[in-house]
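J.: Please read through the structure below; I'll follow up with questions.
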Amino acid sequence: MSRFLNVLMLAVLVAAPAAAGQLGLGREAAPDEIAAWDIDIRPDGAGLPEGSGTVTDGEEVFVERCAICHGDFGEGRDRWPVLAGGEGSLTADRPEKTIGSYWPYLSTVWDYVHRAMPFGDAQSLTDDEVYAITAYILYLNDLVDEEFELSRANFAEVRLPNEENFFDDPRPDTPLAAEAPLCMSDCKDEVKITMRAAVLDVTPEDGSNPTGAVVVETGTEPVAEAQSALDPALAEAGAKVYKKCKGCHQVGEGVKNRAGPHLNGVLGRTAGSLDGFRYSKAMTAKGAEGLVWTAETLNAFLEKPKSFVPKTKMSFKGLKSADDRAAIAAYLSQFTE
Amino acid sequence: MESEKRGPSRRGFLTGGLAMGGAAMAAGAAQAGEKAILELPPWTTQLGDGVDARPYGTPSQFEAHVRRRNVAWLTADPVSSVNFTPLHELDGIITPNGLCFERHHSGIAEVDPAEWRLMIHGLVEKPLVFTLEDLKRFPRVNRIHFLECAANSGMEWRGAQLNGCQFTHGMIHNVMYTGVPLKALLDEAGLKPNAKWLLPEGGDAAAMTRSVPLFKALDDCLIAFKMNGEALRPEQGYPARLVVPGWEGNMWVKWIRRIEVGDQPWHHREETSKYTDLMANGQARRFTWEMDVKSVITNPSPQAPIVHGPGPLVVTGVAWSGRGTVREVHVTTDGGNNWHQARIDGPSLDRSMHRFYYEFDWDGKPLLLQSRAVDSEGMVQPTKDRLREVRGVNSIYHNNGIQTWHVRENGEAENVEVS
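Residue numbers (my numbering), protein chains in the order written: chain S, -18 to 318; chain A, 2 to 420.
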């Protein structure tokens, strides 16, 4: 092959550094540092902290913090993941893989909910809340009754029904491995087209890429043209605060309603008035009473959402810092309808 | 943007392209001179941008259509989603950094390198914390590897769905990593005799974790901080990520912050709920790490039709295997009845993409194009039907079946399946 290739291969061969001994680099990790980061849980219960929670407590936290995406009963709103049901569906044409029907270990639920949920507010749940939610998810999957309490002590006793159905990778799958000798000519009697992508035509059209345009492609917050009255530094700070809202709200080009209504042009909008979003009765009622979102009303709402609009379905604990609230208002003011 | 007009829709692009082809053909027997030659264009008569205009260069304005694209209906939210590498726009084997597909589970973590730390703890003699500066004081290596998401082509298990290799095969990229062998870091901490598994963890809001067997970590894993010579892009794990050559992309933990050493796997969400392969009998394969031998023709393909009419045609594509190098690639133009040896050009590296070409004189008749790769282990890329016989249609991951493009007389191509 080419000389270039030879040079490259040679380079790779000589590049392996001599077996590294100890260089004395890095420093010893402090016990409190390890404790702060070591959050993983294993099927044998290794890593579980002290704590406990009941199905009833779990229901309360779940409805408050999770149901907006996963549904009150783990049924999954819109296209958010389904967490319950699907028993016996694994051999069906369209299997429904949930914690009850598919997951092998309960420890995975505790570990994952604790490290990654709620989406957009990760690692905000207390250990007892995670025990309670895990108990509630078991209940939603008909695996425990409503009296159940999950704790570190009884954790290892709970087994998920599908545990036995996982097995280690058997590849190469025998019929696929040895196809030799390979047929090179006159291999088939006839060749017919059996399926065409055009039948479904789910390919996105070039250019019309609304959801991706803002968040995925640029990887940064949308930078709108600064308006005259806008404090750019404040708006920039607001872009950071917005990360707390992003799990539920979209702004920018091609927005859609998600768990929450989109926030383009929210300043000046009558509360609860966006077409096509299902608000709580509380929010529409506020709008009917004349509540319009301004820097002031937004500030009050975001300080304590559930006090300003009692029974709102926005399950967000609010922004404690007045600076953050001012910043988010400046940030949002850049996005018009 | 003016350049956007060049690619407003696939259909627009197609007709535009065909018109251009027509012009080129007419030019073959040209009587009157072409405007492109007879008239001076502005770039020949006027000054262009100075050296201070583009301190970090970007592609030509005429290449603005070359970009990652996502499929909005695939996931509930773009923050936990995927976009795809435009394979049909690329050549050679290296993917430019800005076109490497992205998959993240809680958006892009914007990690401040000054506050980045890597902790190694668990079954080690001495738990350690490294800064980025520490990392860069270890002897480093350069390796070119592909990273393929195990779900690449996963939407095609039930049949041809998406029209374009960007969507059917674009969850892959191939770059040169600069980094430190993970073994060097583990040696520094000193492994205990019962160490068998590692749990790398990301610092993003998904705190991504996967169990990695120690033998792999000691063999060829890297902690990489550069890709194609420059710092990792944020969406690829800046400032440092795990490189797990040949194994499914999900294990290449980005924004890596911690590695725990243990004696058994953790069975975390990404290796139970996800990245397990459900078979038709309801049982599921787990720890399906290797990416099997695979190839795809990138041109022509649905997003890159033939625009020049009959005559000399270059068919090209990429091939790769997570088990070694690609030994050979075969191309068929008749749906698998007769196969031709394709020419591999450019470096043939372990667990890296390979570029292949098959040139022939196209008579303008419809084609059923396929490519079939064989790797250095003798593994042969199977047909999709073969895979389905063994695995059913619900396994989502590890679809390395042979792809078919149906090219019509007018040069347009469609994703099809053949008997």
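Backbone N, C-alpha and C fix where the C-beta goes; we use that ideal spot for every residue, glycine too.
Give the interface partners of A:Leu163 over in chain S, defined as CB-CB distance under 7 Å, in chain order.
T.: To locate residue 163 of chain A, count along the second sequence from 1; it is residue 162. Ala178, Val183 and Thr184, listed in chain order.
J.: Given that a residue counts as buried once 16 or more other Cβ atoms are within 10 Å of its Cβ, and exposed if not, what is A:Leu124?
T.: For the purposes of this step, residue 124 of chain A is identified with residue 123 of the second sequence, where counting begins at 1. It is buried - the Cβ of A:Leu124 has at least 16 other Cβ atoms within 10 Å.
J.: Extract the residue ranges of the alpha helix (DSSP H) inside the segment 217 to 293 of chain S, only unbroken runs of 4 or more that lie entirely within it.
T.: Runs of the alpha helix (DSSP H) inside the segment 217 to 293 of chain S: 262 to 269, 276 to 284 and 286 to 289.
J.: Just to confirm the assignment, what range does the beta strand (DSSP E) spanning A:Gly123 have?
T.: Start at 1 with the first residue of the second sequence, and residue 123 of chain A comes out as number 122. Unbroken beta strand (DSSP E) run through A:Gly123: Leu119 to Gly123.
J.: Return yes when the Cβ of S:Phe54 is within less than 8 Å of the Cβ of S:Ile114, no when it is not.
T.: Taking the first sequence and counting its residues from 1, one reaches residue 114 of chain S at position 133. Taking the first sequence and counting its residues from 1, one reaches residue 54 of chain S at position 73. Contact flag unset, no.
J.: How would you label S:Cys229, buried or exposed, when you count the other beta carbons within 10 angstroms and need 16 or more for buried?
T.: Within the first sequence, the letter at position 248 stands for residue 229 of chain S. So S:Cys229 ends up on the buried side.
J.: Can you list the beta strand (DSSP E) stretches of 3 or more residues lying completely in the segment 261 to 323 of chain A, in chain order?
T.: As far as the segment 261 to 323 of chain A is concerned, its whole beta strand (DSSP E) runs of at least 3 residues are 285 to 287, 295 to 300 and 312 to 321.
J.: Just reading off the alpha helix (DSSP H) that S:Arg46 is part of, what are its end residues?
T.: By one-based count along the first sequence, residue 46 of chain S stands at place 65. It spans Val36 to Arg46 - the alpha helix (DSSP H) in which S:Arg46 sits, taken as one unbroken run.
J.: Could you name the residues of chain S that A:Met1 contacts, counting a contact when the two beta carbons are closer than 9 Å?
T.: Given that chain A is displayed from residue 2 to residue 420, the structure contains no residue 1 of chain A and the question cannot be resolved.
J.: Taking Cβ to Cβ, would you say A:Val308 is nearer than 8 Å to A:Gly412?
T.: Within the second sequence, the letter at position 307 stands for residue 308 of chain A. Within the second sequence, the letter at position 411 stands for residue 412 of chain A. In this structure, A:Gly412 lies closer than 8 Å to A:Val308 by Cβ.
J.: From the DSSP output, which residues share a beta bridge with A:Asn416?
T.: Within the second sequence, residue 416 of chain A is the residue found at index 415, counting from 1. BP columns for A:Asn416 point to A:Trp406.
J.: Comparing the C-beta of A:Asp476 with each C-beta of chain S, is any distance below 8 Å?
T.: There is simply no residue 476 of chain A to check, as chain A begins at 2 and stops at 420 in what is shown.
J.: At which residues does the beta strand (DSSP E) containing A:Ala225 begin and terminate?
T.: Here residue 225 of chain A is taken as the residue at index 224 of the second sequence, counted from 1. First-last of the beta strand (DSSP E) with A:Ala225: Leu223 to Met228.
J.: Would you check if there are 3 or more beta carbon pairs closer than 8 Å linking the segment 73 to 83 of chain A to the segment 177 to 192 of chain A?
T.: No, the segment 73 to 83 of chain A does not touch the segment 177 to 192 of chain A.
J.: For S:Gln315 and S:Ala276, I'd like the C-alpha separation in whole angstroms.
T.: Within the first sequence, residue 315 of chain S is the residue found at index 334, counting from 1. Within the first sequence, residue 276 of chain S is the residue found at index 295, counting from 1. If you take the alpha carbons of S:Gln315 and S:Ala276, they lie about 13 Å apart.
J.: Which one of A:Pro114, A:Gly402, A:Gly283 and A:Asn143 has the shortest CA to CA distance from S:Trp84?
T.: The count along the first sequence starts at 1 and reaches residue 84 of chain S at position 103. S:Trp84 has its Cα closest to that of A:Gly283, out of A:Pro114, A:Gly402, A:Gly283 and A:Asn143.
J.: Compile a chain-ordered list of the residues in the segment 281 to 302 of chain A whose CB is closer than 9 Å to at least one CB of chain S.
T.: Within the segment 281 to 302 of chain A, the qualifying residues are Ala281, Asn282, Gly283, Gln284, Ala285, Arg286, Arg287, Phe288, Thr289, Trp290, Glu291 and Asp293.
J.: Apply the 10 Å Cβ neighbour rule to S:Tyr312 and answer buried if 16 or more other Cβ atoms are within range, or exposed otherwise.
T.: As a first step, residue 312 of chain S must be located in the first sequence, where it is residue number 331. By the neighbour-count rule (16 or more Cβ atoms within 10 Å), S:Tyr312 is buried.
J.: With a cut-off of 8 Å, does the C-beta of S:Leu163 fall near any C-beta of chain A?
T.: The residue you call residue 163 of chain S lines up with position 182 of the first sequence. S:Leu163 counts as touching chain A.
J.: Kindly say whether A:Val1, judged by its beta-carbon, lies nearer than 8 Å to any beta-carbon of chain S.
T.: Chain A is shown only over 2 to 420; residue 1 of chain A falls outside these bounds and no answer can be derived.
J.: Where does A:Tyr178 sit, in a helix, a strand or coil, going by DSSP?
T.: Residue numbering aside, residue 178 of chain A sits at position 177 when the second sequence is read from its first letter. Here A:Tyr178 sits in strand by DSSP.
J.: To which residues of the same chain is S:Leu141 closer than 8 Å at the C-beta, ignoring the five residues directly before and after it?
T.: Mapped onto the first sequence, residue 141 of chain S falls at position 160. Taken in chain order, the residues that qualify are Ile80, Gly81, Trp84, Pro85, Tyr86, Leu87 and Leu124.
J.: Can you have a look at A:Trp44 and say buried or exposed, based on whether 16 or more other CB atoms are within 10 angstroms of its CB?
T.: As a working note, residue 44 of chain A is residue 43 in the second sequence. Answer is exposed; the Cβ neighbour count stays below 16.
J.: Terminal residues of the continuous alpha helix (DSSP H) containing S:Asp123?
T.: Position 142 of the first sequence, counted from the start, is the residue given in the question as residue 123 of chain S. From DSSP, S:Asp123 is part of no alpha helix (DSSP H); its letter is neither H nor E.
J.: Can you find the residues in the same chain that come closer than 6 Å, C-beta to C-beta, to A:Arg104, ignoring five residues on each side of it along the sequence?
T.: In the second sequence, residue 104 of chain A corresponds to position 103, counting from 1. Closer than 6 Å at Cβ, skipping near neighbours: Val83 and Cys150.
J.: Can you check which of these residues, S:Lys227, S:Thr265, S:Thr251 and S:Asp256, is closest to S:Thr278 by C-alpha distance?
T.: One-based indexing of the first sequence puts residue 278 of chain S at position 297. Cα-wise, what sits closest to S:Thr278 is S:Thr251.
J.: With 8 Å as the limit, tell me which residues of the segment 153 to 183 of chain A have their beta carbon closer than that to any beta carbon of chain S; keep them in chain order.
T.: Correct list: Gly160, Ala161, Gln162, Leu163, Asn164, Gly165, Phe168 and Pro182.
J.: Beta-carbon separation of S:Asp150 and S:Pro30 under 8 Å?
T.: Counting from one through the first sequence, the residue named residue 150 of chain S turns up at place 169. Counting from one through the first sequence, the residue named residue 30 of chain S turns up at place 49. Cβ distance not < 8 Å, so S:Asp150 and S:Pro30 don't count as in contact.
J.: Starting from A:Ala218, find everything on chain S with Cβ-Cβ shorter than 8 Å and list it in chain order.
T.: Sequence index remark: in the second sequence, residue 218 of chain A carries index 217 (1-based). Those within 8 Å of A:Ala218 in chain S number zero; the least Cβ separation is about 14 Å.
J.: Taking only the alpha-carbon atoms, compute the straight-line gap between S:Leu106 and S:Ser33 and give it to the nearest angstrom.
T.: Here residue 106 of chain S refers to the residue found at position 125 of the first sequence. Here residue 33 of chain S refers to the residue found at position 52 of the first sequence. Looking at the two C-alpha atoms, the distance is approximately 13 Å.
J.: The alpha helix (DSSP H) spanning S:Trp18 covers which residue range?
T.: The residue labelled residue 18 of chain S in the question sits at position 37 within the first sequence. Per DSSP, S:Trp18 belongs to the alpha helix (DSSP H) from Pro12 to Trp18.
J.: What are the start and end residues of the alpha helix (DSSP H) that includes A:Tyr57?
T.: Here residue 57 of chain A refers to the residue found at position 56 of the second sequence. Premise fails: A:Tyr57 is in no alpha helix (DSSP H) and is neither H nor E.
J.: Output the distance between the C-alpha atoms of A:Arg356 and A:Gly347, rounded to the nearest integer angstrom.
T.: Residue 356 of chain A sits at position 355 when you count from the first residue of the second sequence. Residue 347 of chain A sits at position 346 when you count from the first residue of the second sequence. Approximately 7 Å, taken between the alpha carbons.
J.: For S:Glu171, does the three-state DSSP call read helix, strand or coil?
T.: As a working note, residue 171 of chain S is residue 190 in the first sequence. Correct three-state label for S:Glu171: coil.
J.: Write down the C-beta distance between A:Thr273 and A:Arg286 rounded to the nearest angstrom, noting that I regard them as a contact closer than 8 Å.
T.: Position 272 of the second sequence, counted from the start, is the residue given in the question as residue 273 of chain A. Position 285 of the second sequence, counted from the start, is the residue given in the question as residue 286 of chain A. Their Cβ separation, rounded to whole angstroms, is 12 Å, which puts A:Thr273 and A:Arg286 out of contact at 8 Å.
J.: Is there a C-beta anywhere in chain A that falls below 8 Å from the one on S:Glu198?
T.: Working through the first sequence from its first residue, we reach residue 198 of chain S at position 217. For S:Glu198, the pLDDT reaches just 23, beneath the cut-off of 50, and the residue's location in the model is therefore unreliable, although a value from the coordinates is still provided. Yes, contact with chain A.
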